[in-house]
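Residue numbers (my numbering): 5 to 247. Even glycine gets a Cβ: it sits at the ideal position worked out from N, Cα and C. Structure record follows, encoded as structure tokens.
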Amino acid sequence: MSEAKVLEESQKLYNALFNSISHDLRTPLTAIIGSSSTIENEEAALSETDKTELVKNINKSAFRMLKIVNNLLDMARIESGQINLKYEWCDIEDIIGVAVKQVNIMEERQLEINLDDNIPLIWVDFSLMELVFVNLLDNAAKYSKPQSKITVSVKNETGELFVMVSDEGTGIPDEESSKIFEKFYRMKIADNIQGTGLGLSICKAIIELHAGKIWADKNAKNGLTIKILLPLHVQPQIMGKET
């Protein structure tokens with residue numbers, strides 16, 4: 005690739021990053037300032053219920069800011085090659101359970117988890133695989149309505165772990181299905197949805213580090229299903245990675 009092309013791509017990345025951060029950090033920060041100022045205002049005459057709701061709004065907005073920053077840092081670490089995978093035998097149910105607790109918006113959704121009885125332990129980096137599920141659940145929640153169902157299914161399919169995370173949201177146009185795993189890509193319908201467009205690209209990078217595959221399909225509920233295949237019973241041999 006020529007130097008001019010590299011500079012052009014770098015500028016595009018910079019612009020996308022700047023636009024994403026400036027918009028997606030400003031929104032929760034504005035909410036935090038507004039809610040905290042209202043609580044601080046002695047003339048507001050707030051009820052305890054009002055104060056509780058404002059505090060919840062502050063917490064929710066702060067969590068959103070933290071997630072944006074963490075996604076940016078995680079992608080930077082992945083692309084720099086500075087992640088040393090710490091493989092261990094893990095229970096997929098434990099990974100999902102920890103991830104669910106990290107996504108506060110999940111309390112507004114109906115979560116269904118279906119695991120086959122014959123799921124063995126998997127040889128993965130627990131923290132990174134937890135990050136995959138945090139991003140998948142957060143993405144499913146953002147693009148679906150409150151009280152709709154999000155389903156996580158895990159099956160043992162002849163030497164591979166087959167994972168599906170499905171929502172009942174807006175789905176995805178056919179022409180965008182191959183793009184949603186690209187860095188900073190956001191669907192055309194995502195104008196009013198906060199996010200950097202990094203969540204699914206981080207998932208893809210982590211799954212591929214574990215010698216797996218990830219892709220997206222429409223589902224029968226007109227929503228989106230993210231599907232993952234991970235090898236079972238084999239320790240992935242990754243050049244330069246810790247095993």
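Three-pair Cβ contact test at 8 Å for the stretch 92-102 versus the stretch 125-132: Yes, the stretch 92-102 touches the stretch 125-132.
3 or more residues per run - each beta strand (DSSP E) lying fully within the stretch 132-189: Entirely contained in the stretch 132-189, the beta strand (DSSP E) runs reaching 3 residues are, in chain order, 153-160, 164-170.
Any beta-carbon of chain D closer than 8 Å to the one on F166? No chain D is present in this structure, which holds just one protein chain.
Check the C-beta distance from I154 over to L141 and give it rounded, since I have them as a contact under 8 Å. Mapped onto the sequence shown, residue 154 falls at position 150. Mapped onto the sequence shown, residue 141 falls at position 137. I154 to L141, Cβ: 7 Å. Contact.
Mind reading off the beta-carbon distance from I210 to L135? Whole number of angstroms is fine, and I expect it under 8 Å. Along the sequence shown, one-based indexing puts residue 210 at 206. Along the sequence shown, one-based indexing puts residue 135 at 131. Cβ-Cβ separation between I210 and L135: approximately 7 Å, consistent with a contact (criterion under 8 Å).
Just to check my reading of the structure: G173 and P235 have Cβ atoms closer than 8 Å, yes? What is that Cβ distance to the nearest angstrom? Indexing the sequence shown from 1 puts residue 173 at position 169. Indexing the sequence shown from 1 puts residue 235 at position 231. Cβ atoms of G173 and P235 stay farther apart than 8 Å, at about 30 Å.
Sequence-distant residues of its chain with Cβ nearer than 6 Å to K222 (five each side left out): Sequence index remark: in the sequence shown, residue 222 carries index 218 (1-based). The residues are G175.
Just how far apart, CA to CA, sit N226 and S170? Taking the sequence shown and counting its residues from 1, the one referred to as residue 226 is at position 222. Taking the sequence shown and counting its residues from 1, the one referred to as residue 170 is at position 166. Cα to Cα, N226 sits roughly 10 Å from S170.
R68: buried (16+ other C-beta within 10 angstroms of its C-beta) or exposed? Reading the sequence shown from its first residue, position 64 is the one you call residue 68. Of the residues assessed, R68 falls on the buried side of the cut-off, its CB having 16 or more other CB atoms within 10 angstroms.
May I have the straight-line CA-CA distance separating N88 from V73, to the nearest angstrom? For the purposes of this step, residue 88 is identified with residue 84 of the sequence shown, where counting begins at 1. For the purposes of this step, residue 73 is identified with residue 69 of the sequence shown, where counting begins at 1. Taking the straight line from one Cα to the other gives about 20 Å.
Taking Cβ positions, are L330 and V158 nearer each other than 8 Å? No information on residue 330 is available, as it lies outside the stretch 5 to 247 that the chain covers here.
Determine the closest residue to I117 out of E57, S41, V167, with distance taken between C-alpha atoms. Here the question's residue 117 lines up with position 113 in the sequence shown. The option with the nearest alpha carbon to I117 is V167.
Which whole-angstrom value describes the C-beta separation of H143 and L70, a residue pair presumed to lie in contact below a C-beta threshold of 8 Å? Locating residue 143 in the sequence shown gives position 139, where the first residue counts as 1. Locating residue 70 in the sequence shown gives position 66, where the first residue counts as 1. Here residue 143 is Asn; the residue named in the question, His, does not match the sequence. Actually they are not in contact, since the Cβ atoms of N143 and L70 sit about 16 Å apart, beyond 8 Å.
Let's test the definition: count the other Cβ atoms within 10 Å of the Cβ of G244 and tell me whether it reaches 16, buried, or not, exposed. The sequence position of residue 244 within the sequence shown is 240, counting from 1. Residue placement at G244 cannot be trusted, given a pLDDT of 41 that sits under 50; the coordinates are not used to answer.
Starting from L50, trace the beta strand (DSSP E) in both directions and tell me its first and last residue. Sequence index remark: in the sequence shown, residue 50 carries index 46 (1-based). Looking at the DSSP string, L50 is not in any beta strand (DSSP E), and its letter there is neither H nor E.
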